[in-house]
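For any residue, its number in the numbering used here is found by taking its place in the sequence shown, counting from 1, and adding 12.
C-beta: ideal position from N, C-alpha, C; glycine also.
Note that this is a predicted model, so its numbers are computed, not measured.
Data first, discussion second: the structure below is written as structure tokens.
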Amino acid sequence: NCILGSYFEQISLDDNKEEIGKVANNIDELETQLQNVLKNVVYKYKQINLKESYFNPYASNPPKELYVKLSKVMNTFFKNNYKESWDAIEEDITQKVRDQLMEIRKQAKNLNPKELETSFRVCKSVLNSLPKHMEEILGEEIKQCREDAN
């Protein structure tokens with residue numbers, strides 16, 4: 013919680029490329045920090061020497077507790093939070109493109125071919141920055157809208 017707070021509480025996202033870059037950098041830094049913590053945990057467990065122990069060296073930090081914690085993090089936090097965040101971004105972008113296409117459909121009769129093409133070009137250029145699955149879905153919708161407009 014403290015790690016996340018220090019990376020995300022000061023950033024407001026407002027379509028500004030610089031701010032989006034900061035978020036991406038913070039995610040990269042967070043990932044690096046988490047990897048370092050995990051490497052440290054692995055190192056500490058590897059340093060345990062059973063040959064020279066007169067008691068259970070794992071008693072104070074049982075591996076089963078670590079396993080439960082790591083499983084919980086893997087199954088809930090990362091999977092759900094990253095997916096939830098991505099789903100929100102994907103949904104937003106998809107809706108914006110669809111709204112733009114609806115606007116093009118409404119105005120198609122009032123626009124000259126050059127204006128119409130400019131409107132499509134914006135949507136089409138968005139496709140170049142999207143993941144393949146979104147590009148395919150929205151690309152098909154843009155194609156259909158273009159056919160409807162002509």
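key: contact_flag[the segment 139-146, the segment 96-112] where n(CB pairs < 8 Å) is 3 or more   = A contact exists between the segment 139-146 and the segment 96-112.
inquiry  = For L71, report the span of its alpha helix (DSSP H) as first-last.
reply    = At residue 71 the sequence reads Ala, which differs from the Leu that was named. No residue range can be given for A71, since it is assigned to no alpha helix (DSSP H) and is classified by DSSP as neither H nor E.
inquiry  = Does I61 come out as helix, strand or coil in the three-state DSSP assignment?
reply    = Correcting the residue type first, residue 61 is Asn in the shown sequence and not Ile. Of the three classes helix, strand and coil, the one that applies to N61 here is coil, per DSSP.
request  = Tell me, to the nearest whole angstrom, how far the beta carbon of S131 is from that of I116; I am working on the premise that it is less than 8 Å.
outcome  = 5 Å between Cβ atoms; contact.
request  = Would you mind stating whether P69 and L78 have Cβ atoms separated by less than 8 Å?
outcome  = Not in contact: P69 and L78 (Cβ atoms no closer than 8 Å).
message = Can you determine whether any heavy atom of the ligand HEM sits closer than 7 Å to the C-beta of Q156, and answer yes or no?
response = With respect to small molecules bound, the structure shown includes none, and the ligand HEM cannot be examined in it.
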